[in-house]
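Accompanying notes for the structure given below.
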Amino acid sequence: MSIDDVLSAELLERIRGRAAGYDERNEFCHEDLDELQEAGYLRALVPTEHGGLGWELPHLVKAQRLLASYAPATSLAVNMHQIWVSVARQMVQLGHTAFEQVLSEAAQGHIFAFGISEAGNDAVLFDSVTEARVSEDGSVTFTGTKIFTTLAPVWTRLGLFGKDVEATGEDGELPLIFGFLPREATGWRTIENWDTLGMRATQSHTTELDHANVPQKRVVRKLPLGPNQDPLVFSIFSSFLTLLAAVYTGIGDRALELAAELPNQRKALSTGTTLDQDPDFRYKVAEAQLRQLALDAHLYSVASDVETGQSHGPSWFPRLVSLRTSATRTARYIVDTALSVGGGAQYHRTSELSRLYRDVLAGIHHPSDDESAHRTLAAYILGPLE
Ligand SMILES: Cc1cc2nc3c(=O)[nH]c(=O)nc-3n(C[C@H](O)[C@H](O)[C@H](O)COP(=O)(O)OP(=O)(O)OC[C@H]3O[C@@H](n4cnc5c(N)ncnc54)[C@H](O)[C@@H]3O)c2cc1C
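Residue numbers (this note's numbering): 401 to 786.
See below:
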């Protein structure tokens, strides 16, 4: 199935038509998600043998970018699900069959959320302040607080991790435990505190875990503390950073469209011509286009390298954080340009650009943030900090 078959022009227009209302009412994008599920989009990356559409990552990147140009928050919300499917696809390709459950359950209609972030945890995947306790039967209970759980109102599986403080490291015992919490499990609750500047339709509430029980069959991997080369680490970072870049590139696409359209609708009293003929305006929009075309090439080269398993060795993480940083910076630059050439009307609270401006600022806060990306790049080029 092609992207147009799944994200039809009519569906995309309906999604765009609802975006302002979700934002205004601070509501989850329920209708969008239902329609995307119905269209098969939540099983896009699932291989056909598992009941999915069999798309590859660059194809999904293109689709997520397109969806973001219609509704950034809806695209970011569904992104979290797509990231887990992408992770599972990579892990299964490498022979880690524990992740097959993600592929088959996504094909059945389950919705996967990303319960990784914890307040103040700048080690991200390499440590956790959530306590994991392994029971005799191999199930694991998790106690702690996960922040920014996108898809909070609807997820049916929450992919999370925590630290087993009793793991000694002997006999291959590893402390960081990853698993998928079923919604029907006890020992967790959502704290409805999502009232943010932008990306409001993601409803990324806090999740409090109090002995939330993940059965043994849903415990998928154990890792050591600290940076390591495990394939799960690469699959999470590569899927997350590439798909996140797709969303922000899509915001830039829409802003650029508006930056091209709006000056046409404004006439200068002094010259009697529309502002698309003004050399200064033309330079600004051209600069935005220049940056977006560079990002376009960057995005697809990284997505294609992830898909084909290119061996970039130690330059992989610098490449991934560079893409994420360029995508969010470029999107902010283009939205800023569109606001500038679009005129004062766009500063009104209800204008689409005003909402895009609020949405695009969320790009500051996703991992790897600007400081962390630069630490990665500095260590790559200058060696470790002494
Ligand atoms: C739109 C968006 C969606 C995201 N979705 C996910 C996701 O699905 N899964 C995931 O693992 N990570 C997600 N992230 C989280 C992200 O990756 C970071 O972990 C997050 O931005 C926190 O960064 P920080 O450590 O700088 O926050 P910090 O500022 O250090 O900590 C944030 C903490 O402060 C609390 N807080 C502070 N002020 C207020 C206030 N006024 N009202 C309520 N609470 C307050 C927050 O609830 C949270 O507990 C998302 C981020 C964004 C911006």
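Backbone N, C-alpha and C fix where the C-beta goes; we use that ideal spot for every residue, glycine too. Here the structure is a predicted model, which is why all the values come from computation and not from measurement.
Cβ-Cβ separation between R443 and L436: approximately 10 Å, too far for a contact (criterion under 8 Å). Burial check for K462: the Cβ neighbour count within 10 Å reaches 16 or more, so the residue is buried.
With respect to the C-alpha of W594, the residue from T550, A409, T725 having the closest C-alpha is T550.
I516 has its CB nearer than 6 Å to a heavy atom of ligand 1. By the criterion of at least three beta-carbon pairs nearer than 8 Å, the stretch 501-515 is not in contact with the stretch 671-683. In this chain, the alpha helix (DSSP H) harbouring E431 covers 430-438. Annotated three-state conformation of H712 is coil, per DSSP. The stretch 736-775 is shown to contain whole alpha helix (DSSP H) runs of 4 or more residues at 752-760, in chain order. Residues of the same chain with a CB within less than 7 Å of the CB of D759, apart from the 5 flanking positions on each side, are P472, A473, G598, M599, I651 in chain order.
The beta-carbon distance between H510 and R557, rounded to whole angstroms, is 5 Å. This is short enough to meet the 8 Å contact definition.
Residue pairing of N613 in beta bridges, as defined by DSSP: T541. Less than 7 Å divides the Cβ of S704 from the Cβ of P458. Residue pairing for L576: DSSP places it in a beta bridge opposite K563, L623.
Just measuring C-alpha positions, the residue of G451, H430, F634 sitting nearest G440 is G451. Annotated three-state conformation of F548 is strand, per DSSP. As summarised for the stretch 455-496, the continuous alpha helix (DSSP H) elements at least 4 residues long and confined to that stretch are 457-470, 472-493, given in chain order. At a threshold of 6 Å, N593 counts as near ligand 1, since its beta carbon sits closer than that to one of the ligand's heavy atoms. Rounded to whole angstroms, the gap between the alpha carbons of S475 and S670 is 42 Å. In summary, M401 is exposed, with fewer than 16 beta-carbon neighbours lying within 10 Å of its beta-carbon over all protein chains present. By the neighbour-count criterion, in which 16 or more other beta carbons inside 10 Å mark a residue as buried, P627 falls on the exposed side. Per the Cβ contact rule, the stretch 689-701 is in contact with the stretch 718-729 (3 or more Cβ pairs under 8 Å). G650 carries a helical assignment under DSSP once its states are collapsed to helix, strand and coil.
Boundaries for I403: no beta strand (DSSP E) harbours it, while the alpha helix (DSSP H) harbouring it runs 403-406, taken from the DSSP string.
Put simply, the stretch 614-621 does not touch the stretch 655-672. Fewer than three CB pairs are less than 8 Å apart.
Of E531, I577, Y747, the smallest CA-CA separation from H611 is found for E531. Per DSSP, R589 lies in no alpha helix (DSSP H) segment; the continuous beta strand (DSSP E) that holds it begins and ends at 588-591.
Taking C-beta separations shorter than 8 Å and ignoring five residues to either side along the sequence, the partners of A731 in its chain run Y648, T649, I651, G652, A655, V760, G763, following chain order. L753 is positioned such that its CB atom lies closer than 7 Å to that of L658. The beta carbons of G559 and W484 sit closer together than 7 Å. Counting the other CB atoms within 10 Å of its CB gives P575 a total of 16 or more, which places it among the buried residues. Between N613 and A585, the gap from beta carbon to beta carbon is short of 7 Å.
Going by beta carbons, F561 and S539 fall outside the 7 Å limit.
Judged by their CB atoms, I547 and T606 are nearer to each other than the 7 Å cut-off. The Cβ atoms of V741 and K684 sit closer than 7 Å to each other.
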